[in-house]
Amino acid sequence: MDQLKRALAVSQSPEGEKKKCRTAIFVDGISSNTLIELLINLANLPRLYCLILDAWSSANKSNEIYQLIFALRTLKSIKLSVDEDDISIILPIATYQRSTIKYLIIDHSFTFKELFIILSYTSELCRLKYSFLNRIDKTIHKVLPITLSNLTYLVIETCYTNFYYFETFISKIKSKLMLLYITIQSEDIEFLNAHGEFEFSLYPGGPNQFISSFWIEHKWIFEVAIIAESIHYSVRRPYKKRWFDYKNNKLFDSIELSKSSQLIIKNTNTDEQLRLNILRVLNVVQIYHLEISETVSSDLLMILLNLLPQLNTLNLYYLSLQESKMSHVDESFIKNSIKDSNKIKKLYLKKNFSSSKN
Numbered sequence: 002m003d004q005l006k007r008a009l010a011v012s013q014s015p016e017g018e019k020k021k022c023r024t025a026i027f028v029d030g031i032s033s034n035t036l037i038e039l040l041i042n043l044a045n046l047p048r049l050y051c052l053i054l055d056a057w058s059s060a061n062k063s064n065e066i067y068q069l070i071f072a073l074r075t076l077k078s079i080k081l082s083v084d085e086d087d088i089s090i091i092l093p094i095a096t097y098q099r100s101t102i103k104y105l106i107i108d109h110s111f112t113f114k115e116l117f118i119i120l121s122y123t124s125e126l127c128r129l130k131y132s133f134l135n136r137i138d139k140t141i142h143k144v145l146p147i148t149l150s151n152l153t154y155l156v157i158e159t160c161y162t163n164f165y166y167f168e169t170f171i172s173k174i175k176s177k178l179m180l181l182y183i184t185i186q187s188e189d190i191e192f193l194n195a196h197g198e199f200e201f202s203l204y205p206g207g208p209n210q211f212i213s214s215f216w217i218e219h220k221w222i223f224e225v226a227i228i229a230e231s232i233h234y235s236v237r238r239p240y241k242k243r244w245f246d247y248k249n250n251k252l253f254d255s256i257e258l259s260k261s262s263q264l265i266i267k268n269t270n271t272d273e274q275l276r277l278n279i280l281r282v283l284n285v286v287q288i289y290h291l292e293i294s295e296t297v298s299s300d301l302l303m304i305l306l307n308l309l310p311q312l313n314t315l316n317l318y319y320l321s322l323q324e325s326k327m328s329h330v331d332e333s334f335i336k337n338s339i340k341d342s343n344k345i346k347k348l349y350l351k352k353n354f355s356s357s358k359n
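Counting in the numbering used here, the sequence shown tops out at residue 359, every number present.
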């Protein structure tokens, strides 16, 4: 702690003034009492921009710690990671006190109610990321809506929640989001099925209609990535040129946009797991473009072509024939299969076919 105090003193010295640089501080594994003492000293630091508090122990002093953080006059970015499974935040909703924080990462457990308390102090927030929301707060419907006019970026990584609580949380934040990234660990596939649970007031169709006129009008492109055993759904907005688009300034008509959904495959474990994941994807959206960022056997390619008969483009990193269980498979057979059994118009091979054994 004494070394840290000396470092803070140096940063406020005349030499530090000449550099006119912003200060970022990283603190790892600190007790609550030491952290409180540190935050009191940081209040006198004139250009504190970024603060990362990793694996600190709250010891039931999280309220005092948060109040000291909100009082830091120049702080713009902060990450809070607590080395405990369960902490409690009991603060009044902010009415006059406003923090200068624009970038906030919360990496500890909390309820939605506690999150809204924190957000009431950060009205200037531009980017928010939170993790470990693992305590269901059944009183979230009683939480008053909050306006975060500058919030454009929201990342959620959580588990043990359901669609009702997620929808309620989103509906109570008034903002102009440009990016929403959600990672939710759930074995309940019904989480993705929003039919019967809610309807977006902005979206006239069902949530699974990712190629509707609404999406086409806004040039929103739905993409899927299967990485190992996980399925990642994302929305590309606005449309950007992809590998199969030849023209830089091409104008896309409604037909092309309606057939723009793409599947990217990376780091797959087993062919059967991949097949099952693709079937799950097809329950959500039809796939017209396929990119495989790894070596694929001819057997697996045949399976994929049969699963995805509507493919317009195919991008292969490397096609191996040596693992094939079908003795008659060769390069010409693969090419003819692609030509005859699908609607593929564009084929890209990053590496040549391989049929010889090492």
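Glycine included, every Cβ here is placed at the ideal spot set by N, Cα and C. None of these values were measured; they are calculated from a predicted model.
Keeping to the same chain, check which residues put their C-beta closer than 7 Å to that of residue i; ignore five residues upstream and five downstream.
i    : result
C127 : K103, Y104, N151, L152, T153, Y154
T101 : R74, T75, L76, K77, E125
I345 : L312, N313, T314, L315, I339
A25  : Y50, C51
A56  : D29, G30, S82, D84
H329 : Reliability of the predicted coordinates at H329 is poor, the pLDDT of 45 falling under 50, and the value obtained from them is presented with this limitation in mind. Once the five neighbours on either side are set aside, H329 has no close Cβ partner at all.
D246 : none
In the structure shown, what three-state DSSP assignment does residue i receive?
i    : result
F201 : For F201, the predicted model reports a pLDDT of 40, less than 50, meaning its position is unreliable and no value from the coordinates is stated.
F113 : helix
Y97  : coil
A154 : Sequence check: residue 154 is Tyr here, not Ala. Strand.
S32  : coil
K346 : coil
V144 : coil
N45  : coil
V286 : coil
L81  : strand
D55  : strand
M327 : Legend: pLDDT at M327 = 44, less than 50; position of this residue unreliable, no value from coordinates given.
F245 : coil
R74  : coil
L92  : coil
L169 : Note that residue 169 corresponds to Thr in the displayed sequence, not to Leu. Three-state DSSP puts T169 in a helix.
S321 : strand
L69  : helix
S262 : coil
S63  : helix
I106 : strand
L277 : helix
L129 : strand
Do the CB positions of residue i and residue j come within less than 8 Å of each other?
i    : j    : result
Q263 : E292 : yes
I288 : L312 : yes
K143 : I106 : no
A72  : A95  : no
T140 : K177 : no
L302 : L320 : yes
I147 : S121 : yes
A226 : K175 : no
L81  : H109 : yes
S58  : D29  : no
R281 : I232 : yes
Taking 6 Å as the limit between beta carbons, can you name the residues of its chain near residue i, skipping five residues before and five after?
i    : result
L203 : Confidence at L203 is low in this model, with a pLDDT of 40, below 50, so the placement of that residue should be treated as unreliable; the coordinate-derived value is given next. Here the set comprises nothing.
L40  : L69
T184 : E158
S63  : I88, I90
S235 : E224
A170 : Note on identity: in this sequence residue 170 is Phe, with Ala being the wrong assignment. Correct list, in chain order: F113.
L54  : V28, L81
R23  : R48, Y50
K351 : Y318
Classify residue i: buried if its beta carbon has 16 or more other beta carbons within 10 angstroms, exposed otherwise.
i    : result
K77  : buried
W244 : exposed
S32  : exposed
Y166 : buried
Y349 : exposed
E295 : exposed
I66  : buried
E230 : exposed
F117 : buried
L181 : exposed
L52  : buried
L317 : buried
S299 : buried
T269 : buried
T360 : This structure cannot speak to residue 360, because the chain is shown only from 2 to 359.
L309 : buried
L149 : buried
L305 : buried
L145 : exposed
Closer than 7 Å: is that where the CB of residue i sits relative to any heavy atom of the ligand MN?
i   : result
I41 : The ligand content of the structure shown is nil, which means the ligand MN is not present either.
Closer than 8 Å, CB to CB, is residue i near chain D or not?
i    : result
Y182 : No chain D appears in the structure shown, which is made up of a single protein chain.
Skipping 5 residues on each side, what residues in its chain have a beta carbon closer than 8 Å to that of residue i?
i   : result
I37 : K62, E65, I66, L69
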